[in-house]
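>
Protein chains: 2
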Amino acid sequence: MTHASSQGRLTVVGLGPGNAELLTQQVRNSIASATDAFGYFPYIERLSGLEHLTLHASDNREELERARAALHLAAQGKQVLMLSSGDPGVFAMASAVFEVLEYAAPDEQLLWQAVHIEVQPGITAMLAAAARLGAPLGHDFCTINLSDNLKPAEVIERRICLAAQADFAMAFYNPCSKSRPQGFERALKVLRQECEPERLICFARNVSRPDETLNVVPLAAASAEMADMRTLVIVGNSLTRKVGPHVYTPRSYGVQARG
Amino acid sequence: MTHASSQGRLTVVGLGPGNAELLTQQVRNSIASATDAFGYFPYIERLSGLEHLTLHASDNREELERARAALHLAAQGKQVLMLSSGDPGVFAMASAVFEVLEYAAPDEQLLWQAVHIEVQPGITAMLAAAARLGAPLGHDFCTINLSDNLKPAEVIERRICLAAQADFAMAFYNPCSKSRPQGFERALKVLRQECEPERLICFARNVSRPDETLNVVPLAAASAEMADMRTLVIVGNSLTRKVGPHVYTPRSYGVQARG
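These protein sequence lines map, in sequence, to chains A and B. To convert, note that position 187 of the first sequence is 187 in our numbering; the numbers rise steadily by one, no gaps. Count along the second sequence from 1, add 259, and you get the number used in our numbering.
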């Protein structure tokens, strides 16, 4: 099946956290009707075996080049998928695509203007992790990428500090990696300054995959090596508690519980 | 099909923002194998026509009674669904279920202890809205329920203020309703104190439904009547901008753009 004569399309899709059952029907349909798929190696691997697709795998940190290549192919009339894990709009490829569009050279702008661009949501890691834990994000919360590749570490620390003062629950993406072993350690240091030692810290690793692990500890017992690059960390707010094996944050705040 | 002799199960599922294409396969499977479904009227309506299900609709603000009734039925061996729109863990039913479990009377605890409880994630409104707008949540952000049913208005205002100081993008759920017409007006007042007049405010109403509307204005032009109870509001951070019809927040912050 070729679409060379039809309008080119770039569809930025979220594959969810890993388990194929967490894909939406919308994304399944987009995969079925695409001609080409771009993405980071492990995401491309999730589509291997689909013979109607030409696969274009690339390395991490090559997001802008990948977006450019995908737009070029879509401008030729192809039906192009850009793969993200989780949701494409949360620390993933959607923002990179729009960044490339904004800084396009005049010849690229001319080429790309006919491409239809669509973003299709997915289950982002914090929602999958929260569901497995219980309901730790059941009240106001914030979402912070702990990677300092694209922002200063001081900005991250300031945000954690203000979030603690606002008593948000917090979801941390990319808590650390081999190139940034100290990322989560710095976050823990801020949390220890701002929060009580009983504050619940949840570590969800490889959520929805066969080797998923969940670990919930009080802040006083949390340590940096509990998180790696495959871990999503959720910090409770001051009211987050356990009921049996479940962690949840009450809906009410600063008013009498209605239990 | 009856499951009266099998283990009772309460599965708290997210139906996504409205369009059936945004359901996950996991939730579809759970709907197919359930015996009973509990939920707020309009969510129950989305399952009408499924003859294998006994439907138990109830009104808004009856979340705790609904959770109790669902647990009672599951304790009798039924396969019970608890319906949420969006994601059940984000301002929805999951937290209410765990609240009821925590405050269960001794006889209820005894009855309910054999029930298997599972939360299954869904596409929450802010992810669907962000995808339709572009990528406004592409950098650190926070998520605030503007309803003051379950928390003081002062807490909400303080959180918006601190979130602005952290330069988070913000997603506002339940910006206002007939009983709280002033909710979003108060939020706008805080934003006007903390943010520049050019800050982008995005209104996404009935996202993913046939009557979806999107509206993006600078803070200076935003007004309270632009949001109603079916609107999800996204406030950009200080770097959020438009590229063509799309709104996006750059991945980089406080470092040189890599365009």
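Cβ coordinates follow ideal geometry from the N, Cα and C atoms, glycine included.
CA-CA distance, Ile460(B) and Val506(B)?
Counting from one through the second sequence, the residue named residue 460(B) turns up at place 201. Counting from one through the second sequence, the residue named residue 506(B) turns up at place 247. Spanning the two alpha carbons is a distance of roughly 10 Å.
> At what residues does the alpha helix (DSSP H) containing Tyr173(A) begin and finish?
Locating residue 173(A) in the first sequence gives position 173, where the first residue counts as 1. From DSSP, Tyr173(A) is part of no alpha helix (DSSP H) but of the beta strand (DSSP E) over 169-173.
> For Asp426(B), which residues in the same chain have their Cβ closer than 6 Å to its Cβ, ignoring the five residues on either side in sequence?
The residue labelled residue 426(B) in the question sits at position 167 within the second sequence. Closer than 6 Å at the Cβ level, and outside the excluded window around Asp426(B), lie Asn496, Ser497.
> I'd like the list of long-range same chain contacts for Leu370(B), defined as Cβ closer than 6 Å, with 5 residues on each side in sequence excluded.
Numbered from 1 along the second sequence, position 111 holds the residue referred to as residue 370(B). Ala334.
> Can you tell me which of Gly393(B), Ala384(B), Cys454(B) puts its alpha carbon nearest to the alpha carbon of Val519(B)?
Limits of chain B in this structure are 260 at one end and 518 at the other, which puts residue 519(B) out of reach.
> Am I right that Val97(A) and Val12(A) are in contact with their C-beta atoms under 8 Å? What's the rounded C-beta distance?
Counting from 1 along the first sequence, the entry for residue 97(A) is found at position 97. Counting from 1 along the first sequence, the entry for residue 12(A) is found at position 12. Correct: roughly 6 Å between the Cβ atoms.
> Report all residues from its chain with a CB closer than 6 Å to the CB of Glu154(A); omit the five preceding and five following residues, and keep chain order.
By 1-based counting over the first sequence, the position of residue 154(A) is 154. Here the set comprises nothing.
> In angstroms, rounded to a whole number, what distance separates the CA positions of Glu280(B) and Thr24(A)?
Here residue 280(B) is taken as the residue at index 21 of the second sequence, counted from 1. Here residue 24(A) is taken as the residue at index 24 of the first sequence, counted from 1. C-alpha separation (whole angstroms): 7 Å.
> Taking only three categories from DSSP, how would you classify Gly518(B)?
Within the second sequence, residue 518(B) is the residue found at index 259, counting from 1. Bear in mind that a pLDDT of 41 at Gly518(B), under 50, signals an unreliable position, so the number given afterwards is only what the model happens to contain. DSSP places Gly518(B) in coil when its eight states are reduced to three.
> What three-state label does DSSP hand Gly8(A) in the structure shown?
Here residue 8(A) corresponds to residue number 8 of the first sequence, with the count starting at 1. Coil.
> Give the residues of chain B in contact with Lys151(A), contact being defined as C-beta atoms less than 7 Å apart.
As a working note, residue 151(A) is residue 151 in the first sequence. Near Lys151(A) (Cβ distances below 7 Å), the residues of chain B are Ser511, Tyr512, Gly513, Val514.
> Return yes when the Cβ of Gly89(A) is within less than 7 Å of the Cβ of Ala394(B), no when it is not.
The residue given as residue 394(B) occupies position 135 in the second sequence. The residue given as residue 89(A) occupies position 89 in the first sequence. Yes, they are a contact pair.
> Kindly list the residues whose CB is nearer than 6 Å to the CB of Gly244(A), restricted to its own chain and excluding five residues on each side of it in sequence; keep chain order.
Indexing the first sequence from 1 puts residue 244(A) at position 244. Result list for Gly244(A): empty, nothing under 6 Å.
> Would Asp318(B) count as contacting chain A if we go by Cβ distances under 7 Å?
Here residue 318(B) refers to the residue found at position 59 when the second sequence is read from its first residue. Closer than 7 Å: no.
> Check whether chain B comes within 7 Å of Arg159(A), counting only Cβ atoms and requiring the distance to be less than that.
For the purposes of this step, residue 159(A) is taken as residue 159 along the first sequence, with counting starting at 1. Arg159(A) counts as touching chain B.
> Quick check: is the beta carbon of Ser95(A) nearer than 7 Å to any beta carbon in chain B?
In the first sequence, the residue the question calls residue 95(A) occupies position 95. Yes, contact with chain B.
> So, with DSSP's three-state summary, where would you put Ile160(A)?
As a position in the first sequence, residue 160(A) is number 160, starting the count at 1. Three-state DSSP puts Ile160(A) in a helix.
> For Asp260(A) and chain B, any beta-carbon pair shorter than 7 Å?
The first residue shown for chain A is 1 and the last is 259, placing residue 260(A) beyond what the model contains.
> Let me know if Lys337(B) comes out buried or exposed under the rule of 16 or more other beta-carbons within 10 Å of its beta-carbon.
Position 78 of the second sequence, counted from the first residue, corresponds to residue 337(B). Lys337(B) comes out buried.
> When you compare the CB of Pro380(B) with every CB in chain A, is at least one pair closer than 7 Å?
The sequence position of residue 380(B) within the second sequence is 121, counting from 1. For Pro380(B), the answer is yes, since a Cβ of chain A falls inside 7 Å of its Cβ.
> Check the Cβ of Asn404(B) against every Cβ in chain A and list those closer than 9 Å, keeping chain order.
Numbered from 1 along the second sequence, position 145 holds the residue referred to as residue 404(B). Those are His139, Asp140, Arg251, listed as they occur along chain A.
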